[in-house]
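K.L.:
In this note's numbering, the protein residues as written are 6 to 276.
1. Given 8 Å as the limit, is there contact between the region 63 to 77 and the region 157 to 171, that is, 3 or more CB pairs closer than that?
2. Measure the alpha-carbon distance for residue 33 versus residue 273 and round it to whole angstroms.
3. Run the CB neighbour count on residue 254, radius 10 Å, all protein chains shown included, and call it buried at 16 or more, exposed below.
4. Select from 101, 214, 23 the residue whose C-alpha is nearest the C-alpha of residue 36.
5. Tell me which residues share the same chain as residue 11 and place their Cβ nearer than 8 Å to its Cβ, disregarding the 5 neighbours each side in the sequence.
6. In terms of alpha-carbon separation, which member of 138, 144, 109 lies closest to residue 80?
7. Taking the beta carbon of residue 252 as the centre, do at least 16 other beta carbons fall within 10 Å, making it buried, or is it exposed?
8. Taking the straight line between their C-alpha atoms, what separation do you get for residue 245 and residue 185?
9. Look at the alpha carbon of residue 17 and the alpha carbon of residue 102, and state the distance between them as a whole number of angstroms.
10. Is it true that the CB of residue 130 sits closer than 8 Å to the CB of residue 144?
11. For my contact list, residue 48 and residue 107 are in at a C-beta cut-off of 8 Å; report their separation, rounded to the angstrom.
12. Using 10 angstroms around the beta-carbon of residue 152, count the other beta-carbons present and answer buried if the total reaches 16, otherwise exposed.
13. Does chain B have any CB closer than 8 Å to the CB of residue 127?
14. Starting from residue 88 and walking both ways along the alpha helix (DSSP H), at which residues does that stretch end?
15. Between the region 227 to 247 and the region 204 to 219, do at least 3 Cβ pairs fall closer than 8 Å?
16. From the DSSP output, read off the bridge partner residues of residue 215.
17. If you draw a straight line from the alpha carbon of residue 217 to that of residue 177, how long is it in whole angstroms?
18. Hey, would you say residue 40 sits closer than 8 Å to residue 219, going by beta carbons?
19. Tell me, please, which residues DSSP counts as bridged to residue 42.
20. How would you call residue 82, buried or exposed, if buried means at least 16 neighbouring beta carbons within 10 angstroms?
21. Beta-carbon separation of residue 175 and residue 146 under 8 Å?
22. Provide the residue span of the beta strand (DSSP E) that contains residue 268, from first to last.
23. Is residue 229 closer than 8 Å to residue 269 when the C-beta atoms are compared?
24. Do residue 111 and residue 58 have their C-beta atoms closer together than 8 Å?
25. What's the C-alpha gap between residue 233 and residue 116?
26. Please say whether residue 91 and residue 14 have beta carbons closer to each other than 8 Å?
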């Protein structure tokens, strides 16, 4: 394809410098209302979810003819700006090894609890103070696979559309409604909508997750791997639950634990 301008060959180009800012600083992503999506697969999923993409940065050498043709077809109607980028410069802004030469600026959706459309028996995944983008991305993949109603993050320590979270989610950051809120707002909202909250935590009153009924309005509440749930949130939940451990270890990775609980809820619901 013919690009509308000459290839970007300098890392000092203002557009390249801005890409690096967006990649590295959550404050820039918030201020500009933009994030970065790398990879054709992730970009295709985001586009299918209706995410606006104002600009594409493509390395023709890495992307190849077939991938360029797929991009052209994908964005034939929305027509974002296209920029060719030399391989050395693209590899400077790419944030994963073996990149396919496709990177995009995207406008992530801004959602609130009030904007969520709840079915009769919503299934919500709640994460408190999540700080690792990889864990957030993995949980978003689980939410997409299970068709959870939403992922709600209380007091997040990473922004929901961190490029590494998008990469780990393989684009599912955009297929699942995701909201950042506070603990207080979440608890009030769950009470208002009659949603039972199940806190995953090792306490003396915790019951095995298989003994719980997740068929009604349900929120599965998960803490960080390092600290677990705060006492305030744990004590405010309807029930504390555990995944019984049979070995020497007493807990699982938070994304693994979330997947186990989520698909138990899906099984109970007969999906």
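No residue lacks a Cβ here, since even glycine has one placed at the ideal position from N, Cα and C.
P.N.:
With the structure as the only source:
1. no
2. 43 Å
3. exposed
4. 23
5. 89
6. 109
7. exposed
8. 23 Å
9. 22 Å
10. yes
11. 6 Å
12. exposed
13. Here there is only one protein chain, and chain B is not present.
14. Per DSSP, residue 88 belongs to no alpha helix (DSSP H); it is in the beta strand (DSSP E), 86 to 89.
15. yes
16. According to DSSP, residue 215 bridges with nothing at all.
17. 28 Å
18. no
19. 109
20. exposed
21. yes
22. Note, residue 268: premise wrong, no beta strand (DSSP E); alpha helix (DSSP H) at 259 to 273.
23. no
24. yes
25. 26 Å
26. yes
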